[in-house]
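Engineer: First the structure, then my questions, so here it is.
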Amino acid sequence: MDISFKAVSHTYQPNSPFEYRALKDLSFNIQSGQFVAIVGHTGSGKSTLIQHLNGLLKPTSGEVMIGGYRLKAGEKTANIKGLREKVGVVFQYPEHQLFEETIEKDIAFGPKNFGATEEEIQTRLPKVLEAVNLDAKLLDRSPFDLSGGQMRRVAIAGVLAMEPEVLVLDEPTAGLDPKGQQEVMDMFYRLHHEKGLTTILVTHSMEDALKYADHVIILEQGKKHLEGQPEEIFVQKERLKQVQLDVPEEIQFLMDLKTRLGISITYDKHSVDDLVREIKAQIGGGR
Amino acid sequence: MATDQVIFKNVSFRYAEDQPWVLKNVSFSIKQDEWVAILGHNGSGKSTIAKLMNGLLFPDEGTIYVHGIEVTPDTVWDIREKVGMVFQNPDNQFVGTTVRDDVAFGLENRGVDREIMLNRIEESLKSVRMTDYLFHEPHRLSGGQKQRVAIAGVLAIQPDLIILDEATAMLDPRGRKEIMMTVNDLREETKVNLVSITHDLNEIVGADRVIVMNDGEIWLETVPRELFKQEESLREIGLDVPFTAKVTNRLKDTVDFDQQPLTQKELLDQLWIFHSKQ
Ligand SMILES: Nc1ncnc2c1ncn2[C@@H]1O[C@H](COP(=O)(O)OP(=O)(O)OP(=O)(O)O)[C@@H](O)[C@H]1O
Ligand SMILES: Nc1ncnc2c1ncn2[C@@H]1O[C@H](COP(=O)(O)OP(=O)(O)OP(=O)(O)O)[C@@H](O)[C@H]1O
Ligand SMILES: [Mg+2]
Ligand SMILES: [Mg+2]
Chain A
278 MDISFKAVSH
288 TYQPNSPFEY
298 RALKDLSFNI
308 QSGQFVAIVG
318 HTGSGKSTLI
328 QHLNGLLKPT
338 SGEVMIGGYR
348 LKAGEKTANI
358 KGLREKVGVV
368 FQYPEHQLFE
378 ETIEKDIAFG
388 PKNFGATEEE
398 IQTRLPKVLE
408 AVNLDAKLLD
418 RSPFDLSGGQ
428 MRRVAIAGVL
438 AMEPEVLVLD
448 EPTAGLDPKG
458 QQEVMDMFYR
468 LHHEKGLTTI
478 LVTHSMEDAL
488 KYADHVIILE
498 QGKKHLEGQP
508 EEIFVQKERL
518 KQVQLDVPEE
528 IQFLMDLKTR
538 LGISITYDKH
548 SVDDLVREIK
558 AQIGGGR
Chain B
170 MATDQVIFKN
180 VSFRYAEDQP
190 WVLKNVSFSI
200 KQDEWVAILG
210 HNGSGKSTIA
220 KLMNGLLFPD
230 EGTIYVHGIE
240 VTPDTVWDIR
250 EKVGMVFQNP
260 DNQFVGTTVR
270 DDVAFGLENR
280 GVDREIMLNR
290 IEESLKSVRM
300 TDYLFHEPHR
310 LSGGQKQRVA
320 IAGVLAIQPD
330 LIILDEATAM
340 LDPRGRKEIM
350 MTVNDLREET
360 KVNLVSITHD
370 LNEIVGADRV
380 IVMNDGEIWL
390 ETVPRELFKQ
400 EESLREIGLD
410 VPFTAKVTNR
420 LKDTVDFDQQ
430 PLTQKELLDQ
440 LWIFHSKQ
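Sequence lines, in order, name chains A and B. Residues 278 to 564 (this note's numbering) make up the first sequence, in order. Residues 170 to 447 (this note's numbering) make up the second sequence, in order.
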């Protein structure tokens, strides 16, 4: 689904002493099928932005369009349930989306709510468990009697089970072990392509944004700071530094290799093996 | 026991009798002013260890000492005086209706003087850069801001043992580095023990020692430099090494390294030396 933000502002607790303007006059477009990363430091407005994508929050001014659904201040959105069926959101803290007595019921909640049959749910269940690498033996347990990373997996499984068209991920790998982080990101990437999803990923990992996204939006104090292709954005060291961000590890390494050793390698989504092969070819040593 | 401040002696634990053992015969000790990082796959038992250190849980077998006191239901209040813990999800630990009250709570509980209290609240919130949010509601902060406030709450009480259970997972990389430096400075100044549980491979670089958990057992106790050499076996238990270590490990057949570099800068320094000799 195409998504657009037109001059969107969001103010929390308006007209109170705690009034806080978290989004300021924000405009951008996301095309159907894009994989977009949203980055920015603590408090820049990322989670506020993504809560507009399924109508949990509404703009206080401006307009958000998600496919045919319109979110606008003072206007009731037609068929918000339909919107929530199509847009699956993995929240920043998994506890915020777990509430059923058992893990099985929790995962089934979304699909059931949107009218999937019991039979349909039972065919989806093993698939989503496998996608997040969660042991089926845990299904009868309370989702709160789990480790942090296991809870995260349940939260993701519940969203996948809805089979949404738009996947919204707010730091989905926080709390996962290194293997889990990689597997889960690869799984999202595969789904994105196989099912033609539109994916919006909030992440603090510049490496993941570079690796998976085809478009990046950088926020700073509720405003758009930069927007473009990752390969263009993530070499702009000074512009990133202005908003307390760093270039991805690999790009920083390549920059330093050039300035300190005169070894010039262009970033090309190398595997570490390929990268090291290039270094060996240029560093000398004759082996 | 003068220098070992935390001792786990043959500790085993399960959440219920009909459930599997979550910790199996775990023994380790932590010295005064040491920073120990605990790594391990999801469900390997890290948070359970943290909760046992703080008397939120008690071992089924074995004994635990924290600063010379055995952790039992009778001593739990003495233990919690000494231990400051930041949980994986900060929402679980907020008690105040404002950021300021929340940080004050732990101090009031410990009967800290009002004058000192005000000072500590200010200092600790300043060190995590949250002074602009004094009167905000903790539950209405951003994910990373919540973690900052939770950490301030622990810094303010100046405990003898600080346990951070993935306490910086929602921070941006710079924020993470900054906060760990702040906590580490405090550790050096005041001789506290620091236990940090993390999945961030770059965060362990500063630790004195690393304990790697696997399926409820201690798999390895070592120092970061040694750990980073074990790329393959770490991967087998769901872990990994940082980018710098990956590059290093693949260059070893070509470049002679004095020692395993911990940071990109150390790696580049060694590559520069090698390169200039060619
Ligand atoms: N419910 C709320 N009420 C009032 N202010 C809020 C609320 N939620 C967030 N804010 C404020 O809005 C700003 C943006 O918050 P948001 O959660 O969107 O940030 P974020 O970019 O997701 O940050 P993080 O990386 O820390 O998760 C912050 O300054 C935060 O304090
Ligand atoms: N309250 C509970 N009741 C029953 N079992 C639990 C409970 N909390 C945790 N467990 C189980 O104990 C094991 C260890 O959990 P623990 O939280 O210590 O893992 P962890 O190493 O902290 O993992 P993570 O990296 O995911 O946070 C897991 O298998 C988990 O399912
Ligand atoms: Mg957020
Ligand atoms: Mg844990």
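Beta carbons are placed, not taken as given, at the ideal position from N, Cα and C, and that holds for glycine. Values in this document were obtained by computation on a predicted structure and should not be read as measured data.
Do you know how far the Cα of LEU348/A is from the Cα of VAL424/B?
Structural biologist: Each residue's Cα considered, the two are about 59 Å apart.
Engineer: Output the boundary residues of the alpha helix (DSSP H) element that contains TRP441/B.
Structural biologist: Per DSSP, TRP441/B belongs to the alpha helix (DSSP H) from 433–446.
Engineer: Using 8 Å as the cut-off, can you tell me whether the region 441–457 of chain A makes contact with the region 394–401 of chain A, which would need three or more C-beta pairs spanning the two stretches below that distance?
Structural biologist: They do not touch, by the three-pair rule.
Engineer: Any heavy atom of ligand 1 within a distance shorter than 6 Å of the CB on ARG309/B?
Structural biologist: Yes, the Cβ of ARG309/B comes within 6 Å of a heavy atom of ligand 1.
Engineer: In this structure, does DSSP put ALA350/A in helix, strand or coil?
Structural biologist: The answer is coil: DSSP assigns ALA350/A none of H, G, I, E or B.
Engineer: Taking 7 Å as the threshold (beta carbon to beta carbon), is LEU431/B in contact with chain A?
Structural biologist: Cβ-Cβ to chain A under 7 Å: no for LEU431/B.
Engineer: By how many angstroms is the C-alpha of VAL316/A removed from the C-alpha of LEU487/A?
Structural biologist: Cα-Cα distance, rounded: 11 Å.
Engineer: Relative to ligand 2, is the shortest distance from any of its heavy atoms to the C-beta of ASP384/B smaller than 6 Å?
Structural biologist: Checking every heavy atom of ligand 2 against the Cβ of ASP384/B, none is found closer than 6 Å.
Engineer: Around ligand 2, which residues pass a check of Cβ closer than 5 Å to any of its heavy atoms?
Structural biologist: Those satisfying the condition are, in chain order, ASP422/A, LEU423/A, SER424/A, GLY425/A, GLY426/A, TYR184/B, VAL191/B, ASN211/B, GLY212/B, SER213/B, GLY214/B, LYS215/B, SER216/B, THR217/B.
Engineer: Roughly how many whole angstroms lie between the Cα atoms of GLY563/A and LEU534/A?
Structural biologist: Unreliable positioning characterises GLY563/A in this predicted model, as indicated by a pLDDT of 49, which lies under 50. The coordinate reading is nonetheless provided below. Their backbone Cα atoms lie some 19 Å apart in a straight line.
Engineer: Consult DSSP for ILE326/B and reduce its assignment to one of helix, strand or coil.
Structural biologist: It is coil, neither helix nor strand.
Engineer: Considering just the uninterrupted stretch of the alpha helix (DSSP H) at VAL553/A, what are its terminal residues?
Structural biologist: Unbroken alpha helix (DSSP H) run through VAL553/A: 549–560.
Engineer: Can ASP334/B and ALA219/B be called in contact, C-beta distance under 7 Å?
Structural biologist: Contact: yes.
Engineer: According to DSSP, is THR288/A helix, strand or coil?
Structural biologist: It is a strand residue.
Engineer: Check this for me: beta carbons of VAL410/B and PHE397/B, under 7 Å apart or not?
Structural biologist: Going by C-beta atoms, VAL410/B is nearer than 7 Å to PHE397/B.
Engineer: Kindly say whether ALA530/A, judged by its beta-carbon, lies nearer than 7 Å to any beta-carbon of chain B.
Structural biologist: Note that residue 530/A is Phe in the sequence shown, not Ala. Yes, its Cβ sits closer than 7 Å to a Cβ of chain B.
Engineer: State the DSSP-derived secondary structure class of ILE540/A, mapped to helix, strand or coil.
Structural biologist: Coil at ILE540/A, not helix or strand.
Engineer: Is there at least one non-hydrogen atom of ligand 3 closer than 6 Å to the beta-carbon of GLY344/B?
Structural biologist: Incorrect: GLY344/B has no Cβ contact closer than 6 Å to ligand 3.
Engineer: Please list the residues of the region 510–531 of chain A that have a C-beta atom closer than 8 Å to any C-beta atom in chain B, keeping them in chain order.
Structural biologist: Those would be GLN521, LEU522, ASP523, GLU526, GLU527, GLN529, PHE530, in chain order.
Engineer: One question on the structure: do GLY275/B and PRO328/B come within less than 7 Å of each other, judged by their Cβ atoms?
Structural biologist: No, Cβ-Cβ distance for GLY275/B and PRO328/B is not below 7 Å.
Engineer: How long is the line joining the alpha carbons of PRO388/A and ARG361/A, rounded to whole angstroms?
Structural biologist: Those two C-alpha atoms are separated by around 11 Å.
Engineer: With burial defined as no fewer than 16 other Cβ atoms inside 10 Å of the residue's Cβ, what is the status of GLY365/B: buried or exposed?
Structural biologist: The residue you asked about is not Gly; residue 365/B is Ser in the sequence shown. SER365/B comes out buried.
Engineer: Is LYS360/B near ligand 6, going by C-beta to nearest heavy atom under 6 Å?
Structural biologist: This structure does not include ligand 6; its bound ligands are ligand 1, ligand 2, ligand 3 and ligand 4.
Engineer: Using 7 Å as the limit for Cβ to Cβ distance, is ALA451/A near chain B?
Structural biologist: Output row for ALA451/A: interface = yes.
Engineer: So VAL405/A contacts chain B; which residues on that side make the cut at Cβ distance below 7 Å?
Structural biologist: None at all; the shortest Cβ gap to chain B is about 17 Å.
Engineer: Are the C-beta atoms of ASN372/A and some chain B residue less than 7 Å apart?
Structural biologist: For clarity, residue 372/A is Glu in the given sequence; the question names Asn instead. Cβ-Cβ to chain B under 7 Å: yes for GLU372/A.
Engineer: Using a beta-carbon distance below 7 Å, is SER311/B in contact with chain A?
Structural biologist: Chain A contact via Cβ: present.
Engineer: Leaving out five residues before and five after LYS193/B in sequence, what residues of the same chain have Cβ atoms less than 6 Å from its Cβ?
Structural biologist: SER181, GLY385, GLU386, listed in sequence order.
Engineer: Over the uninterrupted beta strand (DSSP E) stretch that includes HIS492/A, give me the two end residues.
Structural biologist: 492–497 is the extent of the beta strand (DSSP E) around HIS492/A.
Engineer: Taking 7 Å as the threshold (beta carbon to beta carbon), is GLY322/B in contact with chain A?
Structural biologist: False, the Cβ-Cβ gap to chain A never drops below 7 Å.
Engineer: Can you grab the Cα-Cα spacing for the pair LEU453/A / GLN447/B, in whole Å?
Structural biologist: Distance between the alpha carbons of LEU453/A and GLN447/B: 43 Å.
Engineer: Counting only Cβ pairs nearer than 9 Å, list the residues of chain A close to GLY493/B.
Structural biologist: Any question about residue 493/B goes unanswered here, given that chain B covers just 170 to 447.
Engineer: Taking only beta-carbon positions, decide if THR288/A is within less than 7 Å of chain B.
Structural biologist: It does not; no Cβ of chain B falls within 7 Å.
Engineer: What residue from TYR289/A, VAL285/A, GLN308/A has the CA that sits closest to GLY473/A's CA?
Structural biologist: With distances taken between Cα atoms, GLY473/A lies closest to GLN308/A.
Engineer: Measuring only from the beta carbon, is LYS323/A closer than 6 Å to any heavy atom that is part of ligand 3?
Structural biologist: Yes, the beta carbon of LYS323/A sits closer than 6 Å to at least one heavy atom of ligand 3.
Engineer: Between the region 339–346 of chain B and the region 229–246 of chain B, can you find at least three pairs of beta-carbon atoms closer than 8 Å?
Structural biologist: Flag = no, the region 229–246 of chain B and the region 339–346 of chain B do not touch.
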